[in-house]
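In our numbering, the protein residues as written are 1 to 440.
Ideal Cβ placement from N, Cα and C applies to all residues, glycine included.
Below is one structure; the comments refer to it alone.
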Ligand SMILES: [Zn+2]
């Protein structure tokens with residue numbers, strides 16, 4: 001009974017990602033991007049004073065020297081964090097109904113950990129630890145095994161926070177839970193939100209934050225083997241090297257499809273033939289993208305509608321940036337830059353969050369800036385972030401932008417916007433180990 005309920009919920013999540021935009025045409029899906037393609041930052045005090053007097057607040061913000069913009073975004077990130085904590089934790093009586101990173105309390109804890117990394121405020125770390133503890137209690141009977149939507153996220157974040165707090169006993173306790181209690185059922189899917197790739201992400205998170213071999217190479221290798229084997233089983237003979245299915249569809253995007261799975265695989269120790277499988281899969285996707293440059297949400301789909309992290313060019317772009325970084329191939333960098341053009345033109349979505357909102361799309365530019373050092377991409381990241389900063393609240397209050405069904409969550413709401421603003425404080429650090437596998 002419980003299992004069927006969980007499956008139903010996961011189907012709901014997928015349809016939700018798409019449903020929010022169905023029955024509207026492409027023009028209504030996103031705001032037209034009429035921001036300049038590039039604006040240099042101002043450099044002199046005289047220019048700065050003139051800009052401050054200008055009426056266009058978005059243009060003003062975009063022209064500021066980066067250190068000034070960074071201060072504004074940091075202030076905004078801290079205010080948003082306060083609001084998220086109040087609404088998702090304090091006003092709920094500190095009870096956890098949804099424990100996940102995606103839409104639940106663990107997303108708030110993750111944001112607090114991010115704030116702690118940005119400011120070193122011990123209160124954020126303490127509160128983060130309290131919320132993870134509540135999530136731990138709430139998720140003991142959960143069969144979910146991933147970072148974003150499952151128990152692995154609770155144990156992994158719990159262990160990392162305990163390490164930062166210097167609490168060895170708690171660290172051991174979370175690690176023991178992770179290693180001994182999280183079992184991958186044989187019928188587990190492969191994708192990022194509910195499947196094997198999502199479990200591997202949690203392993204990777206632990207090894208990066210706590211130390212190599214915290215989760216043994218052997219444990220991770222066994223899961224990589226299953227993912228490669230599963231991908232070959234469904235692969236189109238001679239066409240695509242690896243292919244996966246989730247609830248009857250062969251998804252391409254980051255949340256449920258190939259982009260998310262390939263991203264996680266590239267963070268693993270791969271054998272030479274597996275490297276070729278990953279490259280082959282990415283080449284298949286590039287070759288079969290839409291003429292517009294966008295990517296289908298699933299195999300065979302001819303609907304060029306979604307430009308989200310979950311479905312479409314943004315999630316694929318982040319995986320291509322990762323491929324360019326890991327393999328050093330120009331073809332992947334070029335494809336990532338092509339996808340970024342789609343995001344620039346059609347990615348100013350009418351939602352704020354990470355999964356299918358402007359915050360998630362902004363990471364495409366941030367990751368390309370970090371990889372290439374090209375200031376055009378930093379400008380574009382600033383442009384999307386400043387649009388959120390200057391306009392999102394007003395547009396939401398006017399009903400022109402959707403606040404999200406879970407308006408303070410990390411993946412659907414302003415929690416994601418706060419997370420992005422923390423990353424924008426120092427854009428060269430945007431790889432930020434936390435969401436590295438997801439965004440960079
Ligand atoms: Zn989504």
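Let me make sure I understand the geometry here. Which of the options has the alpha-carbon closest to that of residue i?
i, options, result
"residue 371", "317, 402, 77", "317"
"residue 130", "42, 259, 108, 118", "108"
"residue 154", "168, 182, 39", "182"
"residue 360", "406, 412, 373, 375", "412"
"residue 302", "260, 308, 291", "291"
"residue 309", "63, 416, 165, 328", "416"
"residue 210", "312, 157, 197", "157"
"residue 90", "134, 260, 266", "134"
"residue 150", "62, 398, 136, 421", "136"
"residue 152", "199, 115, 119, 121", "199"
"residue 288", "273, 277, 274, 304", "304"
"residue 234", "224, 88, 221, 249", "249"
"residue 338", "188, 294, 121", "294"
"residue 376", "39, 33, 28", "39"
"residue 221", "76, 298, 270", "270"
"residue 37", "92, 426, 418, 379", "379"
"residue 88", "427, 64, 414, 426", "414"
"residue 247", "260, 189, 279", "189"
"residue 387", "28, 41, 59, 98", "59"
Please tell me whether, using a cut-off of 8 Å, the distance from the CB of residue i to the nearest non-hydrogen atom of ligand 1 is below it.
i, result
"residue 313", "no"
"residue 246", "no"
"residue 309", "yes"
"residue 30", "no"
"residue 356", "yes"
"residue 259", "no"
"residue 255", "yes"
Give the DSSP-derived three-state secondary structure of residue i in the structure shown.
i, result
"residue 22", "With a pLDDT of 44 at residue 22, under the threshold of 50, the modelled position of that residue is not reliable, and the figure given next carries that caveat. Reduced to three states, the DSSP call for residue 22 is coil."
"residue 351", "strand"
"residue 7", "Reliability of the predicted coordinates at residue 7 is poor, the pLDDT of 40 falling under 50, and the value obtained from them is presented with this limitation in mind. Helix, per DSSP."
"residue 246", "strand"
"residue 298", "strand"
"residue 311", "coil"
"residue 116", "helix"
"residue 256", "coil"
"residue 27", "In this prediction, residue 27 has a pLDDT of 49, which is less than 50 and means its spatial position is unreliable; what the coordinates show is noted afterwards. Helix at residue 27."
"residue 389", "helix"
"residue 82", "helix"
"residue 251", "strand"
"residue 402", "strand"
"residue 2", "Its pLDDT being 35, under 50, residue 2 is placed unreliably by the model, and nothing is read from it."
"residue 74", "helix"
"residue 96", "coil"
"residue 420", "helix"
"residue 377", "helix"
"residue 370", "helix"
"residue 32", "coil"
"residue 264", "helix"
"residue 148", "coil"
"residue 37", "coil"
"residue 407", "coil"
"residue 412", "coil"
"residue 240", "coil"
"residue 131", "helix"
"residue 269", "coil"
"residue 290", "coil"
"residue 124", "helix"
"residue 191", "coil"
"residue 212", "coil"
"residue 433", "Its pLDDT being 42, under 50, residue 433 is placed unreliably in this model, and the value from its coordinates should be taken loosely. In this structure, residue 433 counts as helix in the three-state DSSP scheme."
Since I believe residue j is in contact with residue i (beta carbons under 8 Å), could you give me their beta-carbon distance rounded to a whole number of angstroms?
i, j, result
"residue 262", "residue 282", "6 Å"
"residue 342", "residue 313", "4 Å"
"residue 410", "residue 401", "Residue 410 to residue 401, Cβ: 18 Å. No contact."
"residue 406", "residue 103", "4 Å"
"residue 111", "residue 385", "Not confirmed; about 16 Å, so no contact."
"residue 422", "residue 115", "6 Å"
"residue 483", "residue 192", "Beyond the ends of the chain as shown, which are 1 and 440, falls residue 483; an answer cannot be given."
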